[in-house]
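Please read the structure below before turning to the comments.
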Ligand code: SF4
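In our numbering, the protein residues as written are -16 to 294.
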């Protein structure tokens, strides 16, 4: 594709979207120009719910592959396409069905909770899914006394273990973006910005540390939770401990407030594979498509359905 202006790209994307009855769903970690053109911007939970609600014929999913797979599982009658099918996730790829089977051999009565950042195969071997927005509710919905395996994110798992006091085995996976946010980094931000609220994603390395939970200015949220917190807060300064592209939306909604990222390199290289040019190409070609085979989809749907039913 030759050099095309952003305005021309946006115009063509909007035209094709209408012509093909397509909807663009995008995660908050996308580049700002994709956040600005999408029909629905959200975190994993919101995007899953929207994929189930939409009447569009085509879902163009700007995220990483496991998110598009989840959309395909939830809405099998829709065509799910992505800007770049090489956008993977090291966290999702850190575990597979065999790993879960091995744990079940030792814990036949145990319950496997998988964070939605997993492949369709891992979901198919799990009992219930969760996102960072509903993880506590999901774990609390499991009968007391049951042993739990939480996969694949050890930091989110440690956070849930600390909050619920439940008997949880943690899978040793982590997100390369959130792993850098350790206790030392957070404590430095607290020292440097004493007036700020510190908003922390529970995938962060510090999430299981009781010392962080004791800080009065520290709050743990999913990305959508961070947006709600700022909306309802009277503070003017916020330290953001997650992938820093969320700051684009925070600034749009709160132009007079200050948002400080914890480090300048907190960017997910996989999400950045999505570009406006690739969004247009995907709409033109209705490809690359992400489709989960029927048998796998039926098995992977059950734990997602159980998650969506948790109130
Ligand atoms: S931010 Fe982390 S968990 Fe999310 S897609 Fe990127 S690598 Fe995966």
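Don't be surprised by glycine CBs; every beta carbon is placed ideally from N, CA and C.
Residue 245 carries a coil assignment under DSSP once its states are collapsed to helix, strand and coil. Residue side-chain check: residue 186 places its Cβ nearer than 8 angstroms to a non-hydrogen atom of the ligand SF4. Taking the Cα of residue 276 as reference, the smallest distance to any Cα among -8, 53, -13 and 29 is reached at 53. Annotation: the continuous beta strand (DSSP E) that includes residue 43 extends over 41 to 45. Annotation: residue 171 to residue 240 spans about 21 angstroms, alpha carbon to alpha carbon. Three or more beta-carbon pairs separated by less than 8 angstroms are not found between the segment 229 to 246 and the segment -14 to 1, which leaves the two stretches without contact. Where residue 62 is concerned, the enclosing beta strand (DSSP E) starts and stops at 62 to 64.
If the five residues before and after residue 236 are omitted, its C-beta is found closer than 6 angstroms to no C-beta atom of its own chain. In terms of CA proximity to residue 227, 254 leads the group 212, 219, 254 and 218. Residue state for residue 270 is assigned as coil, using DSSP reduced to three classes. For residue 196, the enclosing alpha helix (DSSP H) starts and ends at 193 to 196. For residue 226, the shortest separation between its Cβ and any heavy atom of the ligand SF4 lies below 8 angstroms. Where residue 208 is concerned, there is no enclosing beta strand (DSSP E), although the alpha helix (DSSP H) around it starts and stops at 206 to 215.
Sorting 147, 207, 186 and 157 by C-alpha distance to the C-alpha of residue 11 places 207 at the top. Taking the C-beta atoms as reference points, residue 192 is found nearer than 9 angstroms to residue 166.
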